[in-house]
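Q:
Protein chains in written order, with the working numbering: chain A, 312 to 755; chain B, 312 to 755.
If you want it as C-alpha cells, here you go:
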C-alpha cells in the first residue's frame, strides 16, 4: 500500500529545501496540522480546529476559496468572479491559530512528515489532504482544447469569452454555415454541471442577448445537451430527471440521451455517429481526483480517489487524512459518498473532531457518517428540481429553494448581498451583469 | 497632409476584402455614420445620433464600454471588472438606427470611404474616430514589462495580481532584503492615475490586508510616488497639490517630487540617481494617442494626437472627425483641452450636432467649445481634492463629491447600485471586494 519507490523518485529522501519556520504569532510547541486545499472540506476542517490547541497551516495554490457550485454562472456572464470567491486570508483572519500559505504543493514526505512546496518544506504532525478534483476526458485528453471543463475561475472566464465571442463572430460573418456553427453550443455531460450550463446558455441566448444584435437573432442559437447514459441527473429520482428534460426542452435545449460522444474537434462534436458542427463545446462529464494519491503513494480507485479507512485516515498512517473529492469516501452501506460540498464539509469537520479527540486523549469519533442533505439542481429562471428523499419539488418552488440555499451557503455576508442583488436584478430585467470578453484570446 | 504612400502600403488600393452588408433592420439608403471606439466620446456621439436619419455603426475591439476613471479600483481589488464595464450592445440595444461591431480596425481607406477590419470593409459617409490613448514610455519601451500601465481591464487585473502576489511571496520568503523588495511599491507619475493608485495601494496594505498575514505586517509596506515635475496634479491649483502631498503622506506614501526616473528593471526603479529596490512598479506617467493618425494619414502632434480643425474634422476631409484623446483638441484660446471624460463626451455630442446639421442642410455649429466642469481626484478613504475654479474643496467634502460624481456618471443604473454598495461596504469595513489573484501568472 505504501510506495517507497515513488517517494525516492520525488526526491523525498533528500532534505535540501529550506524549512518554513513557524511565524512568531503561532506557538511552535503545539501539534502542527497542515491542510492542503481551501475548498469546502479544507476550510471546514480549519474552522473546526479554531479553538483546538493546535497550529493550523492551510495551503492552497489560489488565494481564494471558490464557491464552485455557482461557477457556471460566471461562465454564462451572470456573476462576476469576485462574487463567488473570497480571500482565504480574510476568512481566517480572526482565527489566531491559523496561517495561510499560497503555494503549489509538489509532494509529501510522509517519513519526515513534511509537505513540499517546491523547495520549501512545511512540517506537520497531522495532515489533511483536501485538494478536490478536476475534469477528466476518459483517455481523450486531445478533446480538452475544444471542450474546456469548468473547475476554476480561469476556466469559467475562458468559457464566458468563448460563448460571447461566438455571438459576436456570428454577427459579422456572412457565411451561413459558419454562422450556424458559431450559434451552436454543445454541453457534454448530463450531471448538474451540464444541466445548469445548458439551461444558462439557453437563457443567455434567448433572453439576455435577444435584442442586442442586428444581423443575427440570438434566439436562433442551438443548444445541445449530450448524455451517454439513459437519463439526466442520475442522483435524482427518475421523475425529476424527466421533469428536467421537459424544462430544458421548454427553454429550447435539445437533449440527447443514450448517445456517446466519439470525437470532439475544431469542427464540432460527433455524437451518436453524427457530426454536430459547433464552435463552442463545454465539458461537464468526467471528474478525476487531484494528484494527491501520487504524493501520498496511496492506493486509489479508477477515478484517482485515494482509498481511506472508515475514519478517513490513510491505511497505516493514522496522522494523514484525505477528504472530499480527493478521497473514495464510503457510506456505512458501502456506497460512495457524492462529490458535493456538504459531503466535503462534513468530512472536514469529522477529521477535525478526530484530531481534537486524539490530542485530548478522548475517544475518537471513528467512522465518518455522511448525512445526505438532498439534491438540488437549477435549470434556469424559475426552474429547478429538488430531492429531499420523501419531499420532491420541481419548478418555481424548487428554484426558490435552490436560490436561498446557494445564497445562504455563500461564505460571506457581503457576497450574499451582492449575489442576491444580481439575481433579483437578472430575474426582473432578464439581463446579465458580467458580459465581458476579457483575457488573452480577445482582439488585441 | 494626405499620405497616399501610407495608404498604398496598407493595401488600401486593393479591394480584396468582403464588404459588410447592412443588416436588414437598418435602412441602407440613409447616410452611414461609422464610429470607431466606444469610449466616452464615441458612445456620446452614437447616442446623440439616436433620432437622426442616419445609420450608425459603432466599432470597438472590446465588447464593453469601460469607465476608465475607476480602473485603478480594479487594480487595487476594490471593484470587479464587471462593475465598471457595460456591454456596448446593451447600452445601444434600444437605439434602432445603431449596430455594434466587435472588431479591430486596421486601416481607413479615405478615398473609397471604407473602414477596414482586417479583410472586412465597412463603408461610411461620415467617420468619427474616437480610439483614445494608451500609455507611453517616452522612448523607454523596455520598461513596460516591469512597470505596466493602466488603460485596459486586462492591465488592471494584471496589476492586481502583481500587488496581491507580492504580499503572498513576502509572507513565505525568509530573505529579509527580498521581503523588503516585495513590500515596496513604486508608482511613477504624479497625475490623477498615479495619485489615486498610490493612495489605493497604501489603503490596501495598511487597512484591508493589515490583519491577514502572520509572518509579515502589510503595514510595513513602502509606497513611493515619483513625479519628475515640481508638483502633483498639475491641472489643479498649487494649494490643492500641496494638500494632496499632505494627505498622501498621512496615508504613509513617500512622495518624491522633481526626481526623474532613469531606469526601471527587475531590480526596481532608479529615481534621482538612487535605486529603489521594488518588486511592483506601476506606470501612470505617459499617454500617447492611438494609431489613428497613421490610419488617417493625418498630421499629429508629439503625443500622436491628430491635428483637427476647430469643428474637430480632419483638414480637407470634412466628413472625417477625430475626437477625445485621439485628437489635439484646442480651446478657443489655443490651449489644449484636457484628456478627461467630459471633454470626450462634449466632443462626441458636438460632432453629432455637426453631422445632423449638415444632413438637414442647417447651419453647422462650427467651432467646438469646451466647457470645463472642474477637476476631481481622490487620494483615499475620505480624502480628495476638487477644483471648480472659484470653488475649491479638499478632504472629506471633496471625497463625497468625488464619490457622488463617479457613481452618477457610471453608465448604468445597476452598476451605480453595485458600486455604491461596494464603496459603502469598504468604507465601513475597510475591506476589499475583489481580492482575487487570477490569470496566467498564478501558481498553476
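We put the beta carbon where it would ideally sit given N, CA and C, even for glycine.
How many whole angstroms separate the CB atoms of residue 696 of chain B and residue 494 of chain B, which I take to be in contact at a CB cut-off of 8 Å?
A: Within the second chain, numbered from 1, the residue matching residue 696 of chain B stands at position 385. Within the second chain, numbered from 1, the residue matching residue 494 of chain B stands at position 183. No, residue 696 of chain B and residue 494 of chain B are not in contact; Cβ-Cβ is about 28 Å, not under 8 Å.
Q: For the region 364-408 of chain A, list the alpha helix (DSSP H) runs that are entirely contained and at least 4 residues long, ordered along the chain.
A: 382-386 and 399-402
Q: Could you work out which residues of chain B lie near residue 522 of chain A, taking near to mean beta carbons separated by less than 7 Å?
A: In the first chain, the residue the question calls residue 522 of chain A occupies position 211. The contacting residues are 404.
Q: Rounded to the nearest angstrom, what separates residue 636 of chain A and residue 602 of chain A at their Cα positions?
A: Position 325 of the first chain, counted from the first residue, corresponds to residue 636 of chain A. Position 291 of the first chain, counted from the first residue, corresponds to residue 602 of chain A. For residue 636 of chain A and residue 602 of chain A, the distance between alpha carbons rounds to 12 Å.
Q: Pick helix, strand or coil for residue 690 of chain B, following the three-state DSSP scheme.
A: Counting from 1 along the second chain, the entry for residue 690 of chain B is found at position 379. Reduced to three states, the DSSP call for residue 690 of chain B is strand.
Q: Using the DSSP secondary-structure output, state which residues sit across from residue 522 of chain A in a beta bridge.
A: Here the question's residue 522 of chain A lines up with position 211 in the first chain. Paired residues: none, contrary to the question.
Q: If you count every other CB in all the chains shown that lies within 10 Å of the CB of residue 364 of chain A, and 16 or more means buried, which is it?
A: The sequence position of residue 364 of chain A within the first chain is 53, counting from 1. With fewer than 16 Cβ atoms within 10 Å of its Cβ, residue 364 of chain A is classed as exposed.
Q: Out of curiosity, what's the CA-to-CA distance linking residue 787 of chain B and residue 703 of chain B?
A: This structure does not reach residue 787 of chain B, given that chain B is present from 312 up to 755, and the question cannot be answered.
Q: Which same chain residues, not among the five before or five after residue 417 of chain B, have their C-beta less than 7 Å away from its C-beta?
A: Mapped onto the second chain, residue 417 of chain B falls at position 106. 427, 428 and 429, listed in sequence order.
Q: Since residue 382 of chain A contacts residue 399 of chain A with CB under 8 Å, what's their CB separation in whole angstroms?
A: Counted from its first residue, the first chain places residue 382 of chain A at position 71. Counted from its first residue, the first chain places residue 399 of chain A at position 88. That pair is no contact at about 17 Å.
Q: Using CA coordinates, which residue listed in B/346, B/516, B/684 and B/690 is at the minimum distance from residue 699 of chain B?
A: By one-based count along the second chain, residue 699 of chain B stands at place 388. Selected option, being the one with the closest Cα: B/684.
Q: Run the CB neighbour count on residue 466 of chain A, radius 10 Å, all protein chains shown included, and call it buried at 16 or more, exposed below.
A: Counting from 1 along the first chain, the entry for residue 466 of chain A is found at position 155. Residue environment for residue 466 of chain A: buried (at least 16 other C-beta atoms within 10 angstroms of its C-beta).
Q: Going by the beta-carbon positions, is the gap between residue 499 of chain B and residue 592 of chain B smaller than 8 Å?
A: Locating residue 499 of chain B in the second chain gives position 188, where the first residue counts as 1. Locating residue 592 of chain B in the second chain gives position 281, where the first residue counts as 1. Cβ atoms of residue 499 of chain B and residue 592 of chain B: closer than 8 Å.
Q: Taking residue 747 of chain A as the reference, which of A/390, A/356 and A/691 has the closest Cα?
A: Residue 747 of chain A sits at position 436 when you count from the first residue of the first chain. Closest option to residue 747 of chain A, Cα to Cα, is A/390.
Q: Name the chain B residues that come within less than 7 Å of residue 666 of chain A, Cβ to Cβ?
A: Taking the first residue of the first chain as 1, we reach residue 666 of chain A at position 355. Near residue 666 of chain A there are no residues of chain B at all, since even the closest Cβ is about 21 Å away, more than 7 Å.
Q: Against chain A, with Cβ distances strictly below 8 Å, would residue 414 of chain B count as a contact?
A: Within the second chain, numbered from 1, the residue matching residue 414 of chain B stands at position 103. With 8 Å as the cut-off, residue 414 of chain B counts as an interface residue toward chain A.
Q: Going by the beta-carbon positions, is the gap between residue 638 of chain A and residue 662 of chain A smaller than 8 Å?
A: One-based indexing of the first chain puts residue 638 of chain A at position 327. One-based indexing of the first chain puts residue 662 of chain A at position 351. In this structure, residue 662 of chain A does not lie closer than 8 Å to residue 638 of chain A by Cβ.
Q: I want to see whether chain B comes within less than 8 Å of residue 364 of chain A, judged by CB atoms only; does it?
A: What you label residue 364 of chain A is simply residue 53 of the first chain in a count that begins at 1. The C-beta of residue 364 of chain A comes no closer than 8 Å to any C-beta of chain B.
Q: Could you give the first and the last residue of the continuous alpha helix (DSSP H) run that contains residue 659 of chain A?
A: Your numbering for residue 659 of chain A matches position 348 in the first chain. Secondary structure note for residue 659 of chain A: its alpha helix (DSSP H) is the uninterrupted segment 652-671.
Q: Got a sec, what are the start and stop residues for the alpha helix (DSSP H) residue 557 of chain A sits in?
A: Along the first chain, read from residue 1 onward, the residue named residue 557 of chain A stands at position 246. It spans 549-561 - the alpha helix (DSSP H) in which residue 557 of chain A sits, taken as one unbroken run.
Q: On the CB-based measure, 16 or more other CB atoms within 10 Å of its CB, does residue 654 of chain B come out buried or exposed?
A: Your numbering for residue 654 of chain B matches position 343 in the second chain. Buried.
Q: Should residue 499 of chain A be flagged as near chain B, meaning a C-beta pair shorter than 8 Å?
A: By one-based count along the first chain, residue 499 of chain A stands at place 188. It does not; no Cβ of chain B falls within 8 Å.
Q: Could you check what DSSP says for residue 472 of chain B in three-state terms: helix, strand or coil?
A: Position 161 of the second chain holds residue 472 of chain B. Reduced to three states, the DSSP call for residue 472 of chain B is helix.
Q: Under 9 Å, CB to CB, which of the residues in the region 456-476 of chain B have a partner in chain A?
A: 463, 464, 465, 468, 475 and 476
Q: For residue 531 of chain A, which residues in the same chain have their Cβ closer than 7 Å to its Cβ, ignoring the five residues on either side in sequence?
A: As a position in the first chain, residue 531 of chain A is number 220, starting the count at 1. Around residue 531 of chain A: 494.
Q: If you follow the alpha helix (DSSP H) that residue 504 of chain B is in, where does it begin and where does it stop?
A: Translated into positions along the second chain, residue 504 of chain B becomes position 193. Here the alpha helix (DSSP H) through residue 504 of chain B covers 503-514.
Q: Taking the straight line between their C-alpha atoms, what separation do you get for residue 611 of chain A and residue 633 of chain A?
A: The residue you call residue 611 of chain A lines up with position 300 of the first chain. The residue you call residue 633 of chain A lines up with position 322 of the first chain. Taking the straight line from one Cα to the other gives about 11 Å.
Q: Which residues in the same chain as residue 542 of chain A place their Cβ atom closer than 7 Å to its Cβ, once the five residues preceding and following it in sequence are excluded?
A: By one-based count along the first chain, residue 542 of chain A stands at place 231. Around residue 542 of chain A: 549, 552 and 568.
Q: How is the beta strand (DSSP E) around residue 601 of chain A delimited, first residue to last?
A: As a working mapping, residue 601 of chain A is identified with position 290 in the first chain. Here residue 601 of chain A belongs to no beta strand (DSSP E), and DSSP marks it neither H nor E.
Q: Run through chain B and tell me which residues come within less than 9 Å of residue 424 of chain A, C-beta to C-beta.
A: Position 113 of the first chain, counted from the first residue, corresponds to residue 424 of chain A. By Cβ distance, chain B contributes nothing, its closest Cβ being about 19 Å from residue 424 of chain A, past 9 Å.
Q: Any C-beta of chain A sitting closer than 8 Å to the C-beta of residue 408 of chain B?
A: Against the second chain, residue 408 of chain B aligns to sequence position 97. Residue 408 of chain B does not count as touching chain A.
Q: With distances taken Cα to Cα, identify the nearest neighbour of residue 438 of chain A among A/506, A/630, A/686 and A/713.
A: Within the first chain, residue 438 of chain A is the residue found at index 127, counting from 1. Residue 438 of chain A has its Cα closest to that of A/630, out of A/506, A/630, A/686 and A/713.
Q: Which first and last residues belong to the beta strand (DSSP E) in which residue 341 of chain A is found?
A: The residue labelled residue 341 of chain A in the question sits at position 30 within the first chain. Counting along the chain, residue 341 of chain A falls outside any beta strand (DSSP E), and DSSP gives it neither H nor E.
Q: Enumerate in chain order the residues of its own chain whose CB-to-CB distance from residue 729 of chain B is below 6 Å, with the five nearest sequence positions on each side excluded.
A: Translated into the one-based positions of the second chain, residue 729 of chain B becomes position 418. Excluding sequence neighbours, residue 729 of chain B sits near 394.
Q: Helix, strand or coil for residue 477 of chain B per DSSP?
A: If you number the second chain from 1, residue 477 of chain B lands on position 166. If DSSP states are grouped into helix, strand and coil, residue 477 of chain B belongs with the helices.
Q: Taking the beta carbon of residue 672 of chain B as the centre, do at least 16 other beta carbons fall within 10 Å, making it buried, or is it exposed?
A: For the purposes of this step, residue 672 of chain B is taken as residue 361 along the second chain, with counting starting at 1. By the 10 Å Cβ count, residue 672 of chain B comes out exposed.
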